[in-house]
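These notes concern the structure reproduced below.
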Amino acid sequence: KNQVEQSPQSLIILEGKNCTLQCNYTVSPFSNLRWYKQDTGRGPVSLTIMTFSENTKSNGRYTATLDADTKQSSLHITASQLSDSASYICVVSLRRFGAGTRLTVKP
Amino acid sequence: GAVVSQHPSRVICKSGTSVKIECRSLDFQATTMFWYRQFPKQSLMLMATSNEGSKATYEQGVEKDKFLINHASLTLSTLTVTSAHPEDSSFYICSAQPWRNYNEQFFGPGTRLTVL
Chain L
19 KNQVEQSPQS
29 LIILEGKNCT
39 LQCNYTVSPF
49 SNLRWYKQDT
59 GRGPVSLTIM
69 TFSENTKSNG
79 RYTATLDADT
89 KQSSLHITAS
99 QLSDSASYIC
109 VVSLRRFGAG
119 TRLTVKP
Chain D
2 GAVVSQHPSR
12 VICKSGTSVK
22 IECRSLDFQA
32 TTMFWYRQFP
42 KQSLMLMATS
52 NEGSKATYEQ
62 GVEKDKFLIN
72 HASLTLSTLT
82 VTSAHPEDSS
92 FYICSAQPWR
102 NYNEQFFGPG
112 TRLTVL
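Read top to bottom, the protein sequences are chains L and D.
So the mapping is simple: our numbering equals the position in the first sequence, first residue as 1, plus 18.
So the mapping is simple: our numbering equals the position in the second sequence, first residue as 1, plus 1.
If you want it as structure tokens, here you go:
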């Protein structure tokens, strides 16, 4: 069954701390995996995209990893800022969306 | 960068009326556009895929006669919610896939629909 599961469902961290969000998938066929950031009431904005042959991709303080063998991906956020508070969505092969992780960064 | 706009950003209508939402790719041509619905605290749910010049492909459980999609040009797709009911109240988001770049997908800012 084509599924994308994200964990944790929600996360609260203090400003300046690091965090890692997880995405496990069973989607087939696999073409790419994207991480999006979605602010409340806004459309998602792409953070990273990885294809089958890529196992890491960085975008500023965001670093995504992909293990195509175990079908797992993670998004690591370094030195979090208050503006990082948002939902982070993992999308596999453009069609399959995870439920997202709601991140709250507190001062 | 690629920009996708949606209009209106927010709409309130009475039950039984129809509402049209526009999705435009402002600086690129999009052969494929997607329409999603998102309920509070839930992820996006794909409603339909529209290709320019052809009929939209609807996901299972989405009524094509209720959610009319038109993709008349390479930069514009419209979603019309016909005979809207309060349960249709949701956040509707479109995305556009650039011509010849099938790994890219740019999202619009969304449209908040409230049906009274």
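By construction, the Cβ of each residue, glycine as well, lies at the ideal position given by its N, Cα and C atoms.
These numbers come from a predicted model, not from an experiment.
Buried or exposed: where does P99 of chain D fall if 16 or more other Cβ atoms within 10 Å of its Cβ makes it buried? buried
For the stretch 93 to 106 of chain D, enumerate the residues whose C-beta is nearer than 9 Å to any C-beta of chain L, in chain order. I94, C95, S96, Q98, Y103, N104, E105, Q106
Does the stretch 74 to 84 of chain L come into contact with the stretch 24 to 32 of chain L, if we say contact requires no fewer than three beta-carbon pairs (one atom in each stretch) closer than 8 Å? Three or more Cβ pairs closer than 8 Å define a contact, and the stretch 74 to 84 of chain L falls short of that threshold against the stretch 24 to 32 of chain L.
Whole-angstrom distance between L121 of chain L and N36 of chain L, CA atom to CA atom: 12 Å
May I ask you to verify whether the stretch 89 to 109 of chain L touches the stretch 13 to 30 of chain D, counting CB pairs closer than 8 Å and requiring at least 3? At 8 Å Cβ cutoff, the stretches do not touch.
Measuring only between beta-carbons, confirm whether V123 of chain L sits less than 9 Å from chain D. no
Say whether chain D places a C-beta atom closer than 9 Å to the C-beta of P26 of chain L. Not an interface residue.
Residues near I13 of chain D in its chain [Cβ-Cβ closer than 6 Å; skip 5 each side]: T115
Pull out every residue of the stretch 33 to 67 of chain L whose Cβ sits closer than 9 Å to any Cβ of chain D, in chain order. S49, N50, R52, Y54, Q56, G59, R60, G61, P62, V63, S64, I67
9 Å Cβ cutoff, P110 of chain D in contact with chain L: yes
Considering only the beta carbon of each residue, do I22 of chain D and P41 of chain D sit closer than 9 Å? no
Straight-line gap, R114 of chain L to Q21 of chain L (C-alpha atoms, nearest Å): 7 Å
Against chain D, which members of the stretch 98 to 112 of chain L pass a CB distance test of less than 9 Å? S105, I107, V109, L112
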